[in-house]
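**Q** Here's a structure for you.
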Amino acid sequence: MLDARFIRENLELVESRLKSRGTGIELDGFRQLDTRRRELMQESESLKALRNKVSDEISKVKDKSLVQDRIAEMRDVSQKIKSLDDELRGIDEEFDTFLLTVPNIPHHSVHVGASEADNVEIRKWGEKPEFAFEPKPHWELGESLGILDFERGAKLTGARFTLYRGAGARLERALINFMLDLHTGTHGYQEILPPFIVNKESMTGTGQLPKFEDDLFRIDGLDYFLIPTAEVPVTNIHRGEILKGADLPICYTAYTPCFRKEAGSYGKDTRGLIRQHQFNKVELVKFTRPADSYSELDALLGNAEEVLRRLGLHYRVVELCTGDIGFSAAKTYDIEVWLPGQATYREISSCSNFEDFQARRAGIRFREDEKAKPEFVHTLNGSGLAVGRTLVALLENYQQEDGSVLIPAALQPYMGGMERVGK
RNA sequence: GGAGAGAUGGCCGAGUAGGUCGAAGGCGCUCGCCUGCUAAGCGAGUAUACUGGGAAACCGGUAUCGAGGGUUCGAAUCCCUCUCUCUCCGCCA
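Listed below in structure tokens is the structure:
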């Protein structure tokens with residue numbers, strides 16, 4: 399959420415920056431609501447001031463019969479206040495809804511562009527593996543090895559659900575543990591295991607609501623939702639809190655399953671594990687001082703990259719342009735891993751700085767020291783990494799001509815010493 | 001699922017025959033004084049949001065005693081709804 403005062407005082411700037419994302423802003427509507435809101439507020443509050451003053455005087459008079467006329471007068475004032483407040487409530491609601499549906503302003507360093515095609519490649523790590531044979535896509539490898547069962551996943555639930563079996567299930571679990579150990583050990587994050595179902599306030603705090611309800615699984619009859627990412631519960635840990643400056647940055651990592659409806663992606667990535675309604679992810683989340691958030695973003699990105707380096711998987715880092723960054727983000731880097739079975743790079747992590755956009759929605763502040771005014775923190779997060787897609791990358795990159803798959807050394811301790819998945 | 005208790009400021013904890021309560025007291029914290037250090041002692045201060053004025057320091061207004069409604073000239077205090085916490089019973093991984 400943007401600061402209403404900031405919008406009011408920087409109308410043109412806000413308009414042009416949002417335009418670069420491809421989203422407009424209804425400035426006239428905002429101006430009208432904002433003006434009317436403040437008019438009503440002033441009128442109502444000055445009447446309240448009068449009522450408070452007179453009520454105070456009435457309280458000092460013992461014989462109330464002497465002040466009957468004043469009481470009657472205040473009865474009318476109260477009626478007037480009530481009707482003003484009723485109107486104000488409506489305006490406030492519209493005003494809040496408006497603010498909650500305006501996306502974040504991109505950081506000035508973000509390249510202006512219309513779509514994915516305008517994203518900028520920042521760097522590459524490693525090399526594409528070479529094969530003396532035609533590399534297969536992971537769904538063929540997974541099925542022939544008996545570790546991924548797409549048919550039974552669909553039987554149990556429906557499309558975009560998969561059953562893992564044997565070494566496949568073990569490999570997924572190994573990746574989760576490997577990532578968590580790396581982030582908690584070497585990178586210094588604290589491990590969190592949050593609820594996988596959250597309420598409406600949490601979804602609003604990070605920006606999924608009110609605009610993107612169609613992407614969420616909702617619990618019937620309740621304002622509860624299955625989390626689409628650990629970002630939601632983990633960022634909302636500190637909703638409504640004032641943190642101590644000395645405690646910043648706060649760095650959390652969490653493994654959770656993620657649930658997404660994938661509305662509007664019919665026909666896309668229908669085969670394999672790439673796009674599932676339920677997938678596993680290890681997430682990294684930071685709360686930082688505003689001045690530190692961009693260096694912390696670089697560090698977070700590096701922490702996510704480290705997972706791929708240790709697994710020996712070739713990847714590139716892409717900086718998203720203004721037209722491609724998400725609703726809440728001010729700046730985003732995607733890490734894309736090489737998938738030889740499909741001869742393409744696929745997103746395996748997305749690392750963003752939300753600046754104070756989520757912090758303002760969720761009321762997450764800090765006080766630099768005892769005397770300082772509370773300020774909004776900056777929130778950041780990134781996948782570290784998407785586990786299912788990491789498994790995909792392992793299968794496709796480490797596949798052998800005989801259909802078996804080698805397990806990289808870093809992962810072997812988590813696989814009970816297993817060096818290869820074969821039939 | 002059944003029965004009961006409770007939710008007050010950073011923390012603890014007063015406050016229910018409605019008014020002088022943004023809220024006693026204590027702790028903590030900040031600043032100052034004092035004591036050769038520490039401790040103790042003394043004094044002052046110590047919420048947030050919105051809003052009006054001001055270049056600013058700051059000054060004024062409104063709201064906030066779990067949340068939302070209601071009664072009243074006036075509500076932390078009365079009424080209704082909801083949420084959460086705790087205790088006991090039942091059930092259960």
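Mapped onto the numbering used here, the consecutive letters of the first sequence carry residue numbers 399 to 821.
Quick reminder that beta carbons are idealized off the backbone N, C-alpha and C, glycines included.
Determine the extent of the beta strand (DSSP E) in which Gly782 is found, giving its start and end residues.
**A** Stepping through the first sequence from its first residue, residue 782 is reached at position 384. Residues 776-784.
**Q** Within this structure, are the beta carbons of Arg521 and Arg669 separated by less than 8 Å?
**A** The count along the first sequence starts at 1 and reaches residue 521 at position 123. The count along the first sequence starts at 1 and reaches residue 669 at position 271. Going by C-beta atoms, Arg521 is not nearer than 8 Å to Arg669.
**Q** Between which two residues does the alpha helix (DSSP H) holding Asn408 run?
**A** Residue 408 sits at position 10 when you count from the first residue of the first sequence. Note, Asn408: premise wrong, no alpha helix (DSSP H); not H, not E.
**Q** Could you give the uninterrupted runs of the beta strand (DSSP E) lying entirely in the stretch 513-597, keeping only those of 3 residues or more?
**A** Listed in chain order, they are 518-523, 588-590, 595-597.
**Q** Could you spell out where the alpha helix (DSSP H) holding Asp498 opens and where it closes?
**A** Here the question's residue 498 lines up with position 100 in the first sequence. In the sequence under discussion, the amino acid at residue 498 is Leu, which differs from the Asp named in the question. Looking at the DSSP string, the run of the alpha helix (DSSP H) that includes Leu498 is 466-498.
**Q** One question on the structure: do Leu539 and Gly721 come within less than 8 Å of each other, judged by their Cβ atoms?
**A** Residue 539 sits at position 141 when you count from the first residue of the first sequence. Residue 721 sits at position 323 when you count from the first residue of the first sequence. When the beta-carbon positions are compared, Leu539 and Gly721 stay at least 8 Å from each other.
**Q** Give the straight-line distance between the Cα atoms of Ala557 and Leu809, rounded to the nearest whole angstrom.
**A** Position 159 of the first sequence holds residue 557. Position 411 of the first sequence holds residue 809. About 30 Å.
**Q** Return the bridge partner residues of Asn751 from the DSSP annotation.
**A** Counting from one through the first sequence, the residue named residue 751 turns up at place 353. Note: Asn751 sits in a beta bridge opposite Lys729, Leu778.
**Q** In angstroms, rounded to a whole number, what distance separates the CA positions of Tyr562 and Leu737?
**A** In the first sequence, counting from the first residue as 1, residue 562 sits at position 164. In the first sequence, counting from the first residue as 1, residue 737 sits at position 339. Whole-angstrom Cα-Cα distance: 20 Å.
**Q** State the beta-bridge partners of Gln676 as determined by DSSP.
**A** For the purposes of this step, residue 676 is taken as residue 278 along the first sequence, with counting starting at 1. Gln676 is bridged by DSSP to Phe657.
**Q** Start and end of the beta strand (DSSP E) containing Lys769?
**A** Indexing the first sequence from 1 puts residue 769 at position 371. Premise fails: Lys769 is in no beta strand (DSSP E) and is neither H nor E.
**Q** Output yes or no for whether 8 Å exceeds the beta carbon distance between Leu497 and Leu400.
**A** Stepping through the first sequence from its first residue, residue 497 is reached at position 99. Stepping through the first sequence from its first residue, residue 400 is reached at position 2. Taking 8 Å as the Cβ cut-off, Leu497 and Leu400 qualify as a contacting pair.
**Q** Is Phe685 near Ser726, with beta carbons less than 8 Å apart?
**A** In the first sequence, the residue the question calls residue 685 occupies position 287. In the first sequence, the residue the question calls residue 726 occupies position 328. No; because the gap between Cβ atoms is not below 8 Å, this pair is not in contact.
**Q** Hey, quick one: how far does the beta strand (DSSP E) through Phe428 stretch, first residue to last?
**A** Counting from 1 along the first sequence, the entry for residue 428 is found at position 30. Phe428 -> not in any beta strand (DSSP E); alpha helix (DSSP H) instead, spanning 425-458.
**Q** Leaving aside the five residues before and after Leu578 along the sequence, list all residues of the same chain whose C-beta is less than 7 Å from its C-beta, in chain order.
**A** Mapped onto the first sequence, residue 578 falls at position 180. Here the set comprises Glu589, Thr651, Tyr653, Val680.
**Q** From Leu711 to Gly662, what distance separates their C-alpha atoms?
**A** Stepping through the first sequence from its first residue, residue 711 is reached at position 313. Stepping through the first sequence from its first residue, residue 662 is reached at position 264. Cα-Cα distance, rounded: 30 Å.
**Q** Buried or exposed: where does Gln674 fall if 16 or more other Cβ atoms within 10 Å of its Cβ makes it buried?
**A** Here residue 674 refers to the residue found at position 276 of the first sequence. Classification for Gln674: buried.
**Q** Who are the near neighbours of Gly739 in its chain, counting only those whose CB is closer than 7 Å to its CB and skipping five residues on each side?
**A** Within the first sequence, the letter at position 341 stands for residue 739. Contacts found: Pro533, Lys534, Pro535, His536, Glu794.
**Q** If the criterion is Cβ atoms closer than 8 Å, does the pair Gly786 and Asn678 meet it?
**A** Position 388 of the first sequence, counted from the first residue, corresponds to residue 786. Position 280 of the first sequence, counted from the first residue, corresponds to residue 678. In this structure, Asn678 lies closer than 8 Å to Gly786 by Cβ.
**Q** According to the Cβ coordinates, are Val790 and Leu671 closer than 8 Å?
**A** What you label residue 790 is simply residue 392 of the first sequence in a count that begins at 1. What you label residue 671 is simply residue 273 of the first sequence in a count that begins at 1. Their beta carbons are under 8 Å apart, which means Val790 touches Leu671 by this criterion.
**Q** From what residue to what residue does the beta strand (DSSP E) around Arg714 run?
**A** In the first sequence, residue 714 corresponds to position 316, counting from 1. Element bounds for Arg714: 713-717.
**Q** Does the stretch 409-425 come close enough to the stretch 488-503 to have 3 or more Cβ pairs within less than 8 Å?
**A** yes
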